[in-house]
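K.L.:
What follows is a structure written as structure tokens; I'll ask about it next.
Protein chains in written order, with UniProt numbering: chain A, 1 to 275; chain B, 1 to 275.
Now the structure itself:
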């Protein structure tokens with residue numbers, strides 16, 4: 001008698017939270033306190049994957065001096081401090097201003113209790129970000145975490161369909177996307193345009209996409225507050241509470257790319273035609 | 001004094017119609033009559049771009065014998081007959097069963113008064129289509145038409161983000177997508193999932209995407225009837241009438257890919273990172 005088929009991984013369910021924080025422009029210590037309160041609250045609630053906004057340590061509309069004053073390195077002690085707050089299966093994804101001693105980057109750190117697993121520098125910069133930051137030159141990462149393979153994008157990166165697709169092709173099961181989405185007009189009844197793109201990208205590659213936006217009017221600028229937990233089926237999950245917390249379970253099915261008896265969104269691709 | 005800048009093409013507005021026909025499975029002559037009525041009505045109304053459903057000459061859930069009985073070649077006299085119905089600036093896009101004398105293909109023809117401009121064989125086949133059709137081996141075309149550069153996809157092709165992106169990179173300004181979308185469940189208040197993908201693809205590349213679905217329960221199968229005219233901004237236009245006609249103007253702005261003072265969705269791409 002044959003051994004049972006052990007090739008098919010089991011479905012895995014992850015408790016995901018986004019927390020739409022309101023960082024204070026240029027006030028690093030205040031923002032660290034806001035972030036640490038969010039981490040502790042999530043740990044208390046048994047959240048496994050906590051996604052926080054882009055540039056959570058600094059705010060967004062910064063002068064060059066403010067950005068530099070908030071900047072920390074990828075191996076800053078702060079990340080180890082945050083790592084020590086985490087339970088063994090928890091992962092947090094948080095945006096910060098990174099410096100390599102010379103330039104600044106709009107970066108995201110992925111942390112577990114073991115410390116930082118990865119830092120990604122945003123590769124597609126929006127508008128006046130180019131006045132503050134250098135664009136990253138490394139591809140967006142797919143990080144091995146206790147929760148599975150986690151892809152990372154930052155805000156405008158997601159608007160390039162190649163980016164989530166590429167992460168999925170490299171094995172990402174969940175893609176975390178810290179964002180700061182400026183509020184733009186949209187027709188009544190429609191989701192924010194960036195959420196439409198997240199939903200489409202999730203369904204196209206059968207991958208979960210977790211977007212954490214920010215809140216709080218900053219120097220007169222409003223935010224879409226479009227935080228969304230999108231499952232591998234392309235549909236949104238959960239309902240954001242009055243504190244800007246959106247939480248839901250996300251199940252990553254082992255056969256999720258098989259969308260019909262004879263169709264698989266990944267193996268049906270015909271890359272020879274995508275020149 | 002400098003001459004005025006003549007490098008920037010003018011914005012162009014096109015009157016677009018989708019007609020959600022209800023083809024009769026296997027009844028070629030009846031379907032030709034349905035299509036010709038739709039062409040004449042559109043011409044009468046001054047429509048410039050008429051998009052009709054996938055497999056409009058044959059219906060969808062066919063036996064092999066029925067598909068073969070409905071099949072015509074890419075140079076069939078029927079296309080010239082339809083071409084003669086058109087005014088000088090009109091373009092129609094219509095799905096049909098194509099035969100090359102041996103195999104069958106799920107194809108779409110692009111016609112003007114000058115005759116057929118292009119025939120495209122669907123490259124991503126859905127479910128039991130593989131029992132009837134060979135998949136095309138040529139890339140989806142970008143066709144020079146009196147209305148501008150027109151890209152063509154067929155139904156499931158659109159679910160691969162590479163396909164509309166690739167057409168846009170090759171200059172497509174409008175993408176016509178004849179479809180037969182089987183009805184699938186979706187959360188209350190959401191658009192059909194294929195429409196979400198059309199909206200995201202349109203916005204990502206600042207290209208208009210025109211999806212014409214079909215109607216009419218066929219052998220017990222229902223259709224999403226998700227016909228949508230999506231502008232280069234990613235938002236839907238027009239309201240379908242009780243006859244299944246959706247009509248709207250679509251404006252293709254010369255600077256449409258410039259989505260902010262310092263951002264362009266096409267030139268901001270970083271293809272070296274999309275490996």
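Think of the CB as a built atom: it goes at the ideal place given N, C-alpha and C, for glycine as much as any other residue. Remember, it's a predicted structure, so these values are computed and weren't measured experimentally.
Would you check if the distance between the CB atom of residue 11 (chain B) and the CB atom of residue 224 (chain B) is smaller than 8 Å?
P.N.:
It is not a contact, given that the beta carbons lie outside the stated cut-off.
K.L.:
Only counting the same chain, and skipping five residues up and downstream in sequence, which positions put a Cβ closer than 6 Å to that of residue 238 (chain B)?
P.N.:
Taken in chain order, the residues that qualify are 229, 246, 247, 248.
K.L.:
Could you check what DSSP says for residue 44 (chain B) in three-state terms: helix, strand or coil?
P.N.:
Three-state result, residue 44 (chain B): helix.
K.L.:
DSSP state of residue 144 (chain A), grouped into three classes?
P.N.:
The answer is strand: DSSP assigns residue 144 (chain A) an E or B state.
K.L.:
By a C-beta neighbour count over all protein chains shown, 10 Å radius and 16 as the cutoff for buried, is residue 58 (chain A) buried or exposed?
P.N.:
Counting Cβ neighbours within 10 Å, residue 58 (chain A) comes out buried, since at least 16 surround it.
K.L.:
Can you tell me which of the three DSSP states residue 190 (chain A) falls into?
P.N.:
Of the three classes helix, strand and coil, the one that applies to residue 190 (chain A) here is coil, per DSSP.
K.L.:
Smallest Cα separation from residue 173 (chain B): which of B:209, B:43, B:240?
P.N.:
With distances taken between Cα atoms, residue 173 (chain B) lies closest to B:209.
K.L.:
What does the alpha-carbon distance come out to for the pair residue 233 (chain B) and residue 218 (chain B)?
P.N.:
In a straight line, the C-alpha of residue 233 (chain B) is about 34 Å away from that of residue 218 (chain B).
K.L.:
Report the rounded CA-to-CA distance for residue 216 (chain B) versus residue 181 (chain B), giving the unit in angstroms.
P.N.:
So the two alpha carbons sit approximately 12 Å from each other.
K.L.:
Return the CA-CA distance between residue 265 (chain B) and residue 257 (chain B), expressed in angstroms with no decimal places.
P.N.:
Approximately 6 Å between the Cα atoms of the pair.
K.L.:
What are the boundary residues of the alpha helix (DSSP H) that residue 78 (chain A) is part of?
P.N.:
Note, residue 78 (chain A): alpha helix (DSSP H), 77-83.
K.L.:
Can you tell me whether residue 275 (chain B) is buried or exposed? The criterion is at least 16 other CB atoms within 10 Å of its CB, across all chains shown.
P.N.:
Exposed, by the Cβ-count rule.
K.L.:
Using a cut-off of 7 Å between C-beta atoms, extract the partners of residue 263 (chain B) located in chain A.
P.N.:
Under the 7 Å cutoff, chain A gives 126, 127.
K.L.:
Among all the DSSP beta bridges, which residues are the ones paired with residue 249 (chain A)?
P.N.:
DSSP output for residue 249 (chain A) lists A:15 as bridge partner(s).
K.L.:
For the stretch 148-161 of chain B and the stretch 19-27 of chain B, state whether three or more C-beta atom pairs, one from each stretch, are separated by less than 8 Å.
P.N.:
No, they do not touch.
K.L.:
Is the distance from the Cβ of residue 197 (chain A) to the Cβ of residue 222 (chain A) below 8 Å?
P.N.:
No.
K.L.:
Between the stretch 149-162 of chain A and chain B, which residues of the former have a C-beta closer than 9 Å to a C-beta of the latter?
P.N.:
If the cut-off is 9 Å between Cβ atoms, the stretch 149-162 of chain A has 156, 159, 160, 161, 162 near chain B.
K.L.:
Mark residue 213 (chain B) as exposed unless 16 or more other C-beta atoms lie within 10 angstroms of its C-beta, in which case mark it buried.
P.N.:
Label assigned to residue 213 (chain B): buried.
K.L.:
Could you check the C-alpha separation between residue 211 (chain A) and residue 236 (chain A) for me, to the nearest Å?
P.N.:
Going from the Cα of residue 211 (chain A) to the Cα of residue 236 (chain A) covers about 11 Å.
K.L.:
With 7 Å as the limit, tell me which residues of the stretch 220-237 of chain A have their beta carbon closer than that to any beta carbon of chain B; keep them in chain order.
P.N.:
Listed in sequence order: 234, 235.
K.L.:
Please report the distance separating the alpha-carbon of residue 220 (chain B) from that of residue 220 (chain A).
P.N.:
Their backbone Cα atoms lie some 56 Å apart in a straight line.
K.L.:
From which residue to which residue does the beta strand (DSSP E) around residue 176 (chain B) run?
P.N.:
Looking at the DSSP string, the run of the beta strand (DSSP E) that includes residue 176 (chain B) is 174-178.
K.L.:
Terminal residues of the continuous beta strand (DSSP E) containing residue 104 (chain B)?
P.N.:
It spans 104-112 - the beta strand (DSSP E) in which residue 104 (chain B) sits, taken as one unbroken run.
K.L.:
Residue range of the alpha helix (DSSP H) that residue 281 (chain A) falls in?
P.N.:
The first residue shown for chain A is 1 and the last is 275, placing residue 281 (chain A) beyond what the model contains.
K.L.:
Is the separation between the beta-carbon of residue 226 (chain A) and that of residue 187 (chain A) shorter than 8 Å?
P.N.:
Against a cut-off of 8 Å, the Cβ pair of residue 187 (chain A) and residue 226 (chain A) comes out as no contact.
K.L.:
Measuring CA to CA, which of B:271, B:263, B:269 is closest to residue 128 (chain A)?
P.N.:
Comparing Cα positions, the closest option is B:263.
K.L.:
Entirely within the stretch 190-236 of chain B and at least 3 residues each: give me those beta strand (DSSP E) ranges in chain order.
P.N.:
Here the runs fully enclosed are 208-212, 228-230.
K.L.:
At least one CB of chain B closer than 8 Å to the CB of residue 268 (chain A): is that the case?
P.N.:
Yes, because at least one Cβ of chain B sits closer than 8 Å to the Cβ of residue 268 (chain A).
K.L.:
Evaluate contact between the stretch 31-47 of chain A and the stretch 76-94 of chain A, counting only Cβ atoms and requiring at least three cross-stretch pairs below 8 Å.
P.N.:
Segments in contact, yes.
K.L.:
DSSP three-state call for residue 120 (chain B): helix, strand or coil?
P.N.:
The answer is strand: DSSP assigns residue 120 (chain B) an E or B state.
K.L.:
Work out the CA separation of residue 175 (chain B) and residue 259 (chain B) for me, nearest whole Å.
P.N.:
Using only the alpha carbons, I get a separation of about 20 Å.
K.L.:
What does residue 247 (chain B) touch in chain A if you count any residue whose Cβ is under 8 Å from its own?
P.N.:
The contacting residues do not exist; residue 247 (chain B) stays about 18 Å from chain A at best.
K.L.:
Using a cut-off of 8 Å between C-beta atoms, extract the partners of residue 190 (chain B) located in chain A.
P.N.:
Chain A residues near residue 190 (chain B): 235.
K.L.:
Should residue 83 (chain B) and residue 112 (chain B) be called a contact, given that it needs their Cβ atoms to be closer than 8 Å?
P.N.:
Yes, the pair counts as a contact, with Cβ atoms nearer than the cut-off.
K.L.:
Under 8 Å Cβ to Cβ from residue 69 (chain A), same chain only, skipping five residues before and after it: list those, please.
P.N.:
If we look at residue 69 (chain A) and ignore the five residues flanking it on each side, its Cβ neighbours are 26, 28.
K.L.:
Is the Cβ-Cβ distance between residue 202 (chain B) and residue 231 (chain B) less than 8 Å?
P.N.:
Yes, they are a contact pair.
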